[in-house]
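Chains as they are written, first to last, in the numbering used here: chain A, 94 to 507; chain B, 94 to 507.
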């Protein structure tokens with residue numbers, strides 16, 4: 094009975110919902126220099142305030158603001174200069190009424206002062222008298238302690254992929270060891286009796302293993318660590334053994350497929366032959382990508398990719414990426430940050446009855462308009478993919494899209 | 094005379110034009126598995142056609158197309174099955190008139206056949222007779238040799254950053270060694286007497302070195318290799334020596350600056366003190382980022398970053414990235430691939446008189462509209478940068494931008 098269920102095509106949403114059973118991989122500690130693009134496993138609360146002391150945000154003079162009130166070019170105020178604050182040192186002395194100290198940008202505000210007059214509005218006279226031609230308000234031209242980050246404030250939460258500015262903030266906070274999720278290890282098993290390694294010269298009927306290398310590069314670009322397991326003979330026992338070994342080592346298994354029905358059936362048998370395995374999805378209502386398999390091998394997710402290169406690449410983008418990101422512990426931002434951009438469709442597109450249709454497009458700018466040019470071609474070809482920048486979806490139940498229509502283009506990860 | 098020229102602010106375009114004197118770094122050879130995101134130094138012409146032979150793009154039967162003409166469910170054609178093509182092997186036998194062979198997806202077309210009938214339109218009878226209920230045209234359901242890539246065709250040109258699908262194509266072509274540009278080595282010198290390493294506890298008036306770590310992370314994200322050279326004392330000789338050493342090792346030098354005027358003047362003196370050095374730019378008409386320096390140290394480019402963290406980060410994005418990409422040999426695609434996206438401005442923005450104004454914005458989606466929310470705050474703060482997704486430019490000579498206006502948001506590299 095339940096065997097038959099697998100042949101009902103599942104929608105993309107149904108497939109994504111099944112990912113909930115797979116949790117993120119474990120954590121490791123890395124130094125700040127290795128933190129870029131890693132995913133935080135724990136939120137970081139600021140251990141101290143930044144800045145830690147009141148600092149000048151301009152070059153000028155530390156003063157009591159009230160000493161400058163009423164100053165103007167016609168009627169300057171005069172203060173006595175009692176010294177200079179050196180960068181990186183505590184000020185020597187305090188500011189009493191009528192006094193001022195030279196204060197460079199970033200320098201520490203001396204006690205007693207509550208504002209900085211910019212150097213542009215001042216002149217020094219030979220007798221250490223400062224002429225001030227503009228009033229300042231208390232706090233002006235200063236950074237106050239904690240203005241950037243308050244002590245205890247949480248700016249970086251668990252699940253965030255660290256960006257350069259986040260690394261800068263962590264450095265400022267003195268947080269030099271980071272708890273991040275491991276990069277998921279992704280085992281890639283090539284199947285298909287017609288497949289030979291890229292460095293081999295194919296004999297009659299043979300082709301080179303492009304899909305595994307394509308998938309590996311996608312995994313790297315998405316933040317995982319691909320492990321190419323080589324070409325497994327299209328026989329039950331070797332495939333079953335390779336799957337069993339991979340399920341113990343890897344966080345995710347990809348079967349980079351033989352394109353024939355026979356190869357796919359063999360994959361299914363081998364998966365089912367492992368104890369604790371469960372086929373969750375066999376067939377997805379997307380085009381290309383229908384013969385995709387999702388399984389759990391004792392808790393390790395397995396994605397069986399279609400055999401045609403373009404189908405495999407699109408399935409990795411549309412279904413593999415969210416799975417990998419889940420394993421990475423990544424919490425996606427709500428707002429598009431260049432994952433998708435709007436464009437105008439340059440020709441009519443018919444949809445695929447009963448399936449979401451993913452059409453490869455190339456972007457082309459013409460004055461202010463970004464056009465999405467569909468790049469058509471069978472899924473067995475690589476070159477249309479090489480010429481494309483992303484995907485336009487004709488949704489389920491929509492007959493087609495019209496030339497000139499505004500569409501969202503889901504960009505390839507690179 | 095020429096010393097005074099440096100104080101004229103140069104526009105972004107003028108700065109970018111000066112990059113032409115700096116050529117791309119040298120090349121190295123890497124394997125296919127290391128090729129992802131590397132920049133091709135030489136165009137790749139296909140050494141052979143892909144596919145190399147006529148292949149089935151569906152599961153079905155190899156036939157002579159003319160044997161199927163006129164076939165219909167009511168009046169099928171009958172052919173004799175003479176065998177099966179095994180995956181990865183040359184077909185055994187040839188197709189004469191009235192004959193057919195089973196042919197799985199990806200299998201090699203036997204001699205004599207010129208089309209494939211899909212399995213869905215056929216039935217096999219016990220006596221090895223094939224019932225065909227639909228005609229096929231010559232070439233139907235086949236990939237012809239060279240349909241993906243013709244021999245000699247150039248799909249990947251010098252200057253291209255290799256994407257996953259490019260790696261897949263190279264694997265299919267058997268191109269397993271790639272000539273790519275080296276990743277540029279970027280020496281980062283921290284200056285400023287107030288600066289201590291991130292792992293130190295700052296004393297009074299001291300701050301941790303966030304800018305160098307931020308710049309290093311940006312360099313990594315942009316494809317370079319950062320080399321942190323540590324904190325150089327704000328004295329002429331040590332700085333000059335550090336610059337001399339860096340100019341011999343690195344492809345690009347960044348001075349991550351002390352924020353005071355004194356520190357900047359010292360950088361300029363140290364640069365000018367090196368033989369064969371030339372200060373090309375001292376002051377750029379952008380806000381923030383005015384005190385940026387561009388110099389050539391015997392042909393090695395040097396970018397002197399402003400001292401405020403946000404200024405430094407924005408200068409790296411706006412001026413550092415194009416310089417680094419030039420050194421990487423990257424030829425940018427004409428069309429935006431998510432580098433910038435359109436959004437609607439959520440409040441009025443005043444421009445900076447006489448300068449391009451770069452305003453940090455956060456993206457926020459509200460139904461179908463993507464809003465750009467300006468994140469204001471002094472350049473001395475990191476947190477507004479952490480909260481932002483990219484930059485909106487108020488161009489030179491424009492008084493300001495209006496709430497509701499459509500703007501392009503230049504996205505941060507991550």
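Backbone N, C-alpha and C fix where the C-beta goes; we use that ideal spot for every residue, glycine too.
State the DSSP-derived secondary structure class of residue 520 (chain B), mapped to helix, strand or coil.
Residue 520 (chain B) falls outside the range modelled here, since chain B spans only 94 to 507, and no answer is possible.
Separation of residue 476 (chain A) from residue 237 (chain A), as counted between CA atoms
57 angstroms
Residues in the region 122 to 156 of chain A with C-beta within 8 angstroms of chain B's C-beta atoms, listed in sequence order?
125, 126, 128, 129, 130, 143, 144, 145, 146, 148, 150 and 152
Please classify residue 329 (chain A) as buried or exposed, where buried requires at least 16 neighbouring CB atoms within 10 angstroms.
exposed
Select from the region 358 to 388 of chain B all residues with a C-beta closer than 7 angstroms to any C-beta belonging to chain A, and list them in chain order.
none
For residue 254 (chain B), tell me which candidate among B:426, B:173, B:212 and B:340 has the shortest Cα-Cα distance.
B:426
Against chain A, which members of the region 162 to 176 of chain B pass a CB distance test of less than 7 angstroms?
none
Are the C-beta atoms of residue 437 (chain B) and some chain A residue less than 9 angstroms apart?
no
Under 8 angstroms from any heavy atom of the ligand PLP, does the C-beta of residue 320 (chain A) make it?
Among the components of this structure there are no ligands whatsoever, and the ligand PLP is therefore not found.
So which of B:376, B:189 and B:217 has the shortest CA-CA distance to residue 388 (chain B)?
B:376
Looking only at its chain, what residues have a beta carbon closer than 8 angstroms to the beta carbon of residue 98 (chain B), apart from the 5 residues adjacent to it on each side?
Confidence at residue 98 (chain B) is low in this model, with a pLDDT of 44, below 50, so the placement of that residue should be treated as unreliable; the coordinate-derived value is given next. Within the same chain, residue 98 (chain B) has no close Cβ partners at all.
So the alpha helix (DSSP H) residue 177 (chain A) belongs to, where does it begin and stop?
Residue 177 (chain A) -> not in any alpha helix (DSSP H); beta strand (DSSP E) instead, spanning 170 to 177.
One question on the structure: do residue 374 (chain B) and residue 103 (chain B) come within less than 9 angstroms of each other, judged by their Cβ atoms?
yes
Just grab the DSSP bridge partners of residue 273 (chain A) for me.
A:121 and A:133
In chain order, which alpha helix (DSSP H) runs of at least 4 residues are fully inside the region 280 to 339 of chain A?
303 to 315
In the DSSP output, which residue or residues are listed as bridge partners for residue 346 (chain A)?
A:280 and A:395
Cut-off 6 angstroms between Cβ atoms - residues of its own chain near residue 489 (chain A), not counting five sequence neighbours on either side:
449
Within the continuous alpha helix (DSSP H) that includes residue 417 (chain A), where are the two ends?
414 to 420
Excluding the five sequence neighbours on either side, which residues of its own chain have a C-beta within less than 8 angstroms of the C-beta of residue 244 (chain B), listed in chain order?
139, 140, 141 and 142
Can you pull the chain B neighbours of residue 306 (chain A), defined as C-beta to C-beta under 7 angstroms?
125, 260, 261 and 264
Anything in chain B within Cβ reach of residue 473 (chain A), meaning under 7 angstroms, just list it in chain order.
150 and 236
Closest Cα partner of residue 289 (chain A) within the set B:266, B:346 and B:453
B:266
What residue from A:395, A:405 and A:347 has the CA that sits closest to residue 380 (chain A)'s CA?
A:405
For residue 317 (chain A), does the count of other Cβ atoms within 10 angstroms reach 16, so buried, or fall short, so exposed?
buried
Just to confirm, are residue 144 (chain B) and residue 241 (chain B) a CB contact at a threshold of 9 angstroms?
yes
Out of B:437, B:348 and B:228, point me to the one whose CA is closest to residue 214 (chain B)'s CA.
B:228
Can you tell which of B:130, B:323 and B:414 has its C-alpha closest to the C-alpha of residue 504 (chain B)?
B:414
For residue 261 (chain B), the first and last residue of its enclosing alpha helix (DSSP H)
257 to 266
Measuring CA to CA, which of B:259, B:333 and B:322 is closest to residue 368 (chain B)?
B:333
Take residue 191 (chain A) as the anchor and find which of A:457, A:207 and A:197 has the nearest alpha-carbon.
A:207
Through-space distance from residue 280 (chain A) to residue 323 (chain A), alpha-carbon basis:
10 angstroms
For residue 287 (chain B) and residue 186 (chain A), I'd like the C-alpha separation in whole angstroms.
19 angstroms
Does DSSP put residue 489 (chain A) in a helix, in a strand, or in coil?
coil
To the nearest angstrom, how far is the alpha carbon of residue 246 (chain B) from that of residue 268 (chain B)?
14 angstroms
Where does the unbroken beta strand (DSSP E) through residue 358 (chain A) begin, and where does it stop?
Premise fails: residue 358 (chain A) lies in the alpha helix (DSSP H), 354 to 365, not in any beta strand (DSSP E).
Chain B contact for residue 480 (chain A) (CB, 9 angstroms cutoff):
yes
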